[in-house]
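The next block holds one structure in the form of structure tokens; read it before the comments.
So, in structure tokens, the structure goes:
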């Protein structure tokens with residue numbers, strides 16, 4: 031016991047073990063933590079002390095003592111150089127913290143309570159995690175269809191945040207769809223009408239949450255990608271008859287079943303979810319360009335790489351061919367979210383594949399950056415990163431700055447008027463034990479979206495990167511609410527937006543690069559990466 035008393039870090043570890051798993055000894059952990067936080071002779075250093083404060087807040091929240099928990103979280107965030115666990119403290123200040131990954135691993139994290147904000151007739155608007163067991167009613171009367179339509183329209187009118195950004199006349203849209211409602215006689219057609227209504231918002235983050243109309247899911251085994259705003263064949267599945275029909279890699283799709291590509295895209299817009307930008311919708315729609323019912327045929331007119339026109343008949347017998355994982359032209363150490371290595375030029379390279387995690391992404395990033403600490407420059411690659419959560423981003427951005435920086439301005443709808451918003455300026459501070467101060471290039475493309483769009487915004491506004499590639503997806507609402515209709519249909523509604531330091535909304539506009547670089551279809555097929563090459567050239571100029 032004397033040894034334990036002599037070493038506060040051992041008592042911290044003992045308290046941690048008492049808090050781990052499903053059978054926690056809160057009383058023992060609390061007694062140990064109170065002892066070591068009040069230790070005068072051998073006080074804890076900054077990082078362990080921050081852990082101790084967070085654990086005390088966690089215990090208080092477990093015991094339902096919210097004010098006591100807030101006291102401990104506040105003490106934790108006052109400690110510098112404790113970024114990872116300090117993020118837990120910040121989360122604890124926002125809401126009760128009853129789940130910490132390293133203490134509760136193996137159990138599901140608690141969902142954010144679904145909290146009603148406003149009743150609208152027999153429906154309501156709520157925030158938080160929507161229930162998973164609600165199913166839309168299968169049979170609605172004419173009066174019920176009218177009621178549900180009105181509830182949704184009112185919810186969008188009161189809570190949607192992008193009317194002004196997109197110059198959207200909601201009254202006109204509502205009146206137009208109300209006139210269509212009279213011709214609807216079945217419940218499936220009614221839900222399809224609401225799907226089209228929400229699509230009018232042209233918003234990746236606004237959609238029917240628990241209903242999805244059928245869309246073509248079987249194609250002829252061709253993978254298509256966009257180059258120069260047109261669809262090209264970049265891979266052929268083994269089971270496809272396309273190769274035997276003479277389809278060559280690098281061929282451009284010109285017509286589908288006698289329809290020009292633009293006309294086919296318009297047809298697909300009736301069954302695919304809208305996106306926040308037309309560039310993002312095109313990329314999604316091109317994947318479905320040749321899709322249809324299983325076993326049917328599709329007539330395709332192509333232009334070969336040599337410019338020869340060719341028409342082929344293909345059978346739809348394969349799932350839609352999705353893009354393959356990125357291939358690296360040099361050795362890369364792979365983690366779950368963050369991969370890293372050294373380019374042959376000696377520059378560091380970090381690829382953040384996804385933000386679909388929490389603090390563990392920042393932990394992986396720290397590992398990568400530590401390995402590349404001595405590199406003369408760094409390439410951050412977030413191409414094809416479709417987003418996830420922004421939890422880890424303050425820590426990551428903080429590794430590149432030496433003083434507090436305004437990285438974005440957030441707006442949340444807070445009143446009946448389409449221009450009623452609460453404004454918040456977001457500042458990030460330095461994080462970690464050291465800062466990477468060599469030149470940095472950030473690689474983006476039109477798939478870079480949502481939380482990845484947010485990260486691009488933050489990094490651009492930090493003043494620490496040159497952005498290279500082409501304009502991002504442009505889908506960034508920040509926050510959302512849910513309309514729950516009387517028929518149990520749940521509709522997600524974007525309730526905010528985020529601007530860069532110049533006041534430009536990322537929604538719709540995206541993040542524009544400082545240096546534009548695009549691969550051609552022949553670059554793609556030959557394994558060349560002109561975006562990466564452009565970044566290497568730019569960084570080498572800066573590091574000479």
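In this note's numbering, the protein residues as written are 31 to 574. We put the CB at the ideal spot given by N, CA and C, even for glycine. Just so we're clear, the structure is a prediction, and the values are computed from it rather than from any experiment.
Alpha-carbon to alpha-carbon, residue j and residue i
i, j, result
"residue 426", "residue 326", "49 Å"
"residue 500", "residue 471", "13 Å"
"residue 285", "residue 413", "29 Å"
"residue 541", "residue 493", "14 Å"
"residue 432", "residue 490", "15 Å"
"residue 74", "residue 410", "36 Å"
"residue 213", "residue 219", "10 Å"
"residue 243", "residue 305", "16 Å"
"residue 374", "residue 187", "54 Å"
"residue 387", "residue 84", "21 Å"
"residue 260", "residue 251", "18 Å"
"residue 389", "residue 366", "12 Å"
"residue 330", "residue 302", "21 Å"
"residue 355", "residue 473", "16 Å"
"residue 573", "residue 380", "18 Å"
"residue 115", "residue 420", "16 Å"
"residue 269", "residue 348", "7 Å"
"residue 40", "residue 400", "27 Å"
"residue 449", "residue 371", "47 Å"
CA nearest to the CA of residue i, picked from the options
i, options, result
"residue 47", "526, 347, 135", "135"
"residue 452", "463, 343, 440, 298", "440"
"residue 277", "262, 195, 117", "262"
"residue 344", "335, 355, 322", "322"
"residue 133", "416, 124, 118", "118"
"residue 169", "162, 190, 210, 216", "216"
"residue 529", "342, 56, 487, 293", "487"
"residue 149", "565, 543, 523, 515", "515"
"residue 460", "93, 110, 61", "110"
"residue 235", "296, 288, 311", "311"
Residue i, DSSP secondary structure in three states
i, result
"residue 226", "helix"
"residue 169", "coil"
"residue 241", "coil"
"residue 80", "helix"
"residue 564", "helix"
"residue 556", "helix"
"residue 16", "Examination of residue 16 is not possible in this model, given that the chain is present from 31 through 574 alone."
"residue 497", "strand"
"residue 551", "helix"
"residue 55", "coil"
"residue 338", "coil"
"residue 277", "coil"
"residue 32", "Any reading at residue 32 must be qualified, since the residue scores a pLDDT of 40, below 50, and its modelled position is unreliable; the value itself is stated next. In this structure, residue 32 counts as helix in the three-state DSSP scheme."
"residue 372", "strand"
"residue 107", "helix"
"residue 364", "coil"
"residue 411", "strand"
"residue 535", "strand"
"residue 148", "strand"
"residue 66", "helix"
"residue 443", "strand"
Same chain, Cβ closer than 7 Å to residue i, neighbours up to 5 away in sequence not counted
i, result
"residue 43", "none"
"residue 351", "249, 251, 252, 253, 265, 267"
"residue 158", "142, 143, 144, 145"
"residue 271", "344, 345"
"residue 340", "276, 332, 334"
"residue 537", "192, 195, 306, 504, 505, 506, 507, 527"
"residue 509", "442, 525, 526"
"residue 160", "144, 239, 512, 520"
Neighbourhood of residue i by C-beta, 6 Å cutoff - its chain only, sequence neighbours within 5 removed
i, result
"residue 151", "181"
"residue 232", "304"
"residue 58", "48"
"residue 417", "385, 479, 480, 481, 482"
Chain B contact for residue i (CB, 8 Å cutoff)
i, result
"residue 461", "The structure shown contains no chain B; it is built from a single protein chain."
Expected contact under 8 Å - CB spacing of residue i and residue j to nearest Å
i, j, result
"residue 434", "residue 457", "5 Å"
"residue 164", "residue 518", "5 Å"
"residue 255", "residue 359", "So it is not a contact: roughly 19 Å between Cβ atoms."
"residue 462", "residue 428", "7 Å"
"residue 511", "residue 228", "Contact flag wrong, Cβ pair sits at about 14 Å."
"residue 455", "residue 484", "With 8 Å as the limit, residue 455 and residue 484 do not qualify as a contact, their Cβ atoms being about 15 Å apart."
"residue 107", "residue 95", "Not a contact, Cβ separation roughly 19 Å."
"residue 544", "residue 497", "5 Å"
Sequence-distant residues of its chain with Cβ nearer than 8 Å to residue i (five each side left out)
i, result
"residue 467", "430, 432"
"residue 91", "99, 122, 126, 127, 128"
"residue 394", "365, 366, 367, 368"
"residue 549", "257, 558, 559, 560, 561"
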